[in-house]
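Please read the structure below before turning to the comments.
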Amino acid sequence: MLDMSQSFLFAVFLLISCNVQPGFSAPPACAAGVTCPPGGFWSEWAYSGNDTDCATPCGSCSTRLQTRYCLSDHLNCKCSGASSREVPCNMDVCMSPAQRSCCIPYVAMAIDGKFQCGPFAAKTEAQCCPVGGLWSEWSSYGRNDARTAYIRTRHCLSESSGCPCKGADIENSTKCPCKTLANEITCGNSEIQPYNYPVFDINDEDCVGEAMFERSDATGIAYCSKINGTLLAAYAFKTPDGKCLYDHAHLCVFYSSRYRQIFTCDLDTLEWRYDHTSDHITSYNQYIYRNPDLC
């Protein structure tokens, strides 16, 4: 003969045994062309702290903090909703001699095939899988161990949420990966004008570039002008934010010769750095003076 508590547990056993729980299902695909899901794309909720941080051993009597972060934020796809919440912890039903099985307002029930104190708040937010999945940003390029290629990687942020990514997670290049420097012809002013676009040679082994700037000109057009008593050449560059950068970088006392300028590839930004000033640039040119002072 079963007593009341045993009868209750037996009923719960039947409820759990007969309760068929749905398996994990991936979010539906977003509409064609949608790369930013409505409301953004959140990570899964995760507990803060250790698994033993719950203040009570059973009954959903205490809460723990859960946090999540916006996976799509770096794509300028903002998330809506809270990034933290308090949820019940240690949800197992308290057994005798506890005064009650579950703390108010929870009751014993079958949840995901397990006897627990619930119910829990239903999930009201629905995410869709962005087209192609959601990738992290590319890492910086780095040399492989054999020093035969430059390699960068990324990882699929949405895969753990049931949204696999399309595309490669690794890129490699045997060439220096920095972007090509353009011919700068837009930074002229009342003093100087563009004239010579020196060849830009790249050493792929260490991602260093160089350009040979002129000290003199056979046609009689002067590259140099006297500035504060010294003959100096003029360069013009364009920075990534669209500003013109000027430099008087080499002396013109050695005629019929050229001057080497060094540039270094920034493997984080994939932009060239003009080593003389350490500025990042997107284009360059050697300019001539409109009215050179050679005296």
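In case it helps, mature numbering (1 follows the signal peptide of the UniProt record, and there is no 0) puts the sequence shown at residues -25 to -1, 1 to 270. Just so it is clear, CB atoms sit at the ideal spot from N, CA and C, and this is done for glycine as well. Just so it is clear, the structure is predicted and the values come from calculations on it, not from any experiment.
Thinking C-beta only, is residue j closer than 7 Å to residue i?
| i | j | result |
| --- | --- | --- |
| Leu40 | Ser58 | no |
| Asn171 | Gln261 | yes |
| Tyr116 | Pro152 | yes |
| Cys92 | Tyr81 | yes |
| Cys5 | Pro105 | yes |
| Ser47 | Gly14 | no |
| Tyr264 | Ile167 | yes |
| Met187 | Pro173 | yes |
| Cys103 | Cys52 | no |
| Ala1 | Gly137 | yes |
| Gly108 | Ser133 | yes |
Give the straight-line distance between the Cα atoms of residue i and residue j, rounded to the nearest whole angstrom.
| i | j | result |
| --- | --- | --- |
| Lys150 | Cys182 | 8 Å |
| residue 278 | Leu156 | Residue 278 is absent from the structure shown; the chain starts at -25 and stops at 270. |
| Thr252 | Asp222 | 9 Å |
| Asp254 | Glu185 | 15 Å |
| Asp241 | Asn266 | 36 Å |
| Trp247 | Asn158 | 14 Å |
| Ile202 | Lys154 | 33 Å |
| Ala208 | Asp120 | 42 Å |
| Cys131 | Trp110 | 5 Å |
| Glu19 | Arg43 | 6 Å |
| Thr128 | Tyr210 | 36 Å |
| Arg190 | Cys162 | 21 Å |
| Asp268 | Leu226 | 14 Å |
| Gln(-5) | Trp113 | The predicted model places Gln(-5) with a pLDDT of 36, which falls under 50 and marks its position as unreliable; any figure quoted below should be read in that light. Gln(-5) and Trp113: Cα-Cα distance of roughly 39 Å. |
| Phe95 | Trp17 | 20 Å |
| Ala73 | Asn25 | 25 Å |
| Gly8 | His49 | 19 Å |
What residue from the options has the CA that sits closest to residue i's CA?
| i | options | result |
| --- | --- | --- |
| Asp179 | Glu166, Ser258, Ala30, Ala124 | Ala124 |
| Met66 | Met84, Cys5, Phe212 | Met84 |
| Leu234 | Lys213, Cys219, Asp216, Phe175 | Going by the sequence as given, residue 234 is Tyr instead of Leu. Ranking the options by Cα distance to Tyr234, first place goes to Phe175. |
| Asp250 | Phe238, Lys213, Ile167, Ala21 | Phe238 |
| Ala224 | Pro12, Asn25, Lys213, Thr205 | Thr205 |
| Lys213 | Ser165, Leu245, Ile160, Ser232 | Ile160 |
| Arg122 | Ser148, Thr31, Ser135, Ala7 | Ser148 |
| Asp243 | Asn164, Ile177, Arg118 | Arg118 |
Cβ of residue i less than 7 Å from any chain C Cβ?
| i | result |
| --- | --- |
| Ser58 | The structure shown contains no chain C; it is built from a single protein chain. |
Next on the checklist: Assess contact between the region 132 to 145 and the region 198 to 212, defined as three or more Cβ pairs (one per stretch) separated by less than 8 Å. Is contact present?
Outcome noted: No: fewer than three Cβ pairs fall under 8 Å.
Checklist entry - So does the region 25 to 35 actually touch the region 67 to 84, counting three or more Cβ pairs closer than 8 Å? => result yes
Next on the checklist: At 3 residues or longer, what runs of the beta strand (DSSP E) sit wholly inside the region 15 to 54?
Outcome noted: 37 to 42
Checklist entry - Whole beta strand (DSSP E) runs in the region 73 to 125 with 3 or more residues, listed along the chain? => result With a minimum length of 3 residues, the continuous beta strand (DSSP E) runs that stay inside the region 73 to 125 are 82 to 86, 89 to 93.
Checklist entry - Could you give the uninterrupted runs of the beta strand (DSSP E) lying entirely in the region 183 to 264, keeping only those of 3 residues or more? => result Runs of the beta strand (DSSP E) inside the region 183 to 264: 183 to 189, 199 to 202, 205 to 213, 219 to 222, 233 to 241, 246 to 249, 254 to 256, 258 to 264.
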